[in-house]
């Protein structure tokens, strides 16, 4: 079973920041937080991952609380193309480890 | 770099018929995964290969599902006979062992409808 809890849905206005929360209170010390997203009719796409420090890449920022029990994915300037289901996954950073998906958060970006 | 290829994209069959899906992973990716995604849910792992060997098939309904990756590259997933509850999107993904992020790359999926 998935070890994360996410809101079912969120709305965001185009151009504004989208902040997607995730709870993972039972995360182990060697588990990372990964985010994937799935645009309609496509396969999931990797976004970002982190252990305990905040991370940023060209797609998003990941903020992990100090106790590591929750995190937030931030899309700084959401566009219509960011409308998708966002999955928060905790897993060990080991080659060949499968992903355990929950139901994710459906983010709807509107103009 | 070419992505993960899957075919067909869509398939409609009657229950009790057989169906097969094909996946061509990214070149050089030794690990291949098949996931099943039922409408409204996240993908669920069915089987994982490392080269041509099975790493994990604990969630594969072996009475009707089978998968192979004979030469450690392409893979096929078969359902025989299909049931109504097999209606889902079947996703193939691949990853490269030793890659830092351990990122998995997904194909577009095959949408199966069983009538």
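Residue numbers (our numbering), protein chains in the order written: chain P, 1 to 111; chain F, 1001 to 1115.
Yeah, the Cβ is synthetic: ideal placement off N, Cα and C, and Gly gets one too.
Item to check | Test: residue 1055(F) CB closer than 8 Å to a CB of chain P | outcome: yes
**Asked** Would residue 1025(F) count as contacting chain P if we go by Cβ distances under 8 Å?
**Response** no
Give the DSSP-derived three-state secondary structure of residue 16(P) in the structure shown. coil
Check your understanding: So residue 32(P) packs on residue 47(P), CB below 8 Å; how close in whole Å?
Key -> About 13 Å; that fails the 8 Å criterion.
| field | Assumed close pair residue 1111(F), residue 1010(F) - CB separation to whole angstroms, cut-off 8 Å | value | 5 Å
| task | Could you round the C-beta distance between residue 1032(F) and residue 1094(F) to whole angstroms and report it? I think they count as a contact, below 8 Å. | result | The C-beta distance from residue 1032(F) to residue 1094(F) rounds to 5 Å, short enough to meet the 8 Å contact threshold.
I'd like to know if residue 42(P) contacts chain F, where contact means its C-beta is closer than 8 Å to some C-beta of that chain.
yes
8 Å is my cut-off, CB to CB: does residue 1008(F) come that close to chain P? no
Nearest residue (CA-CA) to residue 9(P), options 18(P), 96(P), 41(P):
18(P)
What is the residue span of the beta strand (DSSP E) that residue 1113(F) lies within?
Note, residue 1113(F): beta strand (DSSP E), 1110 to 1114.
Note to self: Going by DSSP, what residue range makes up the beta strand (DSSP E) through residue 1036(F)?
What the structure shows: Residues 1031 to 1037.
| field | Own chain partners of residue 21(P) with C-beta closer than 6 Å, once the 5 adjacent residues on each side are dropped | value | Cβ within range, chain order: 72.
Using a Cβ-Cβ distance under 8 Å, would residue 125(P) count as near chain F? Outside the displayed range of chain P (1 to 111) lies residue 125(P), so it cannot be described from this structure.
Item to complete: Count the other CB atoms, across all protein chains shown, that sit within 10 Å of the CB of residue 39(P); report buried if there are 16 or more and exposed otherwise.
Response: By the 10 Å Cβ count, residue 39(P) comes out exposed.
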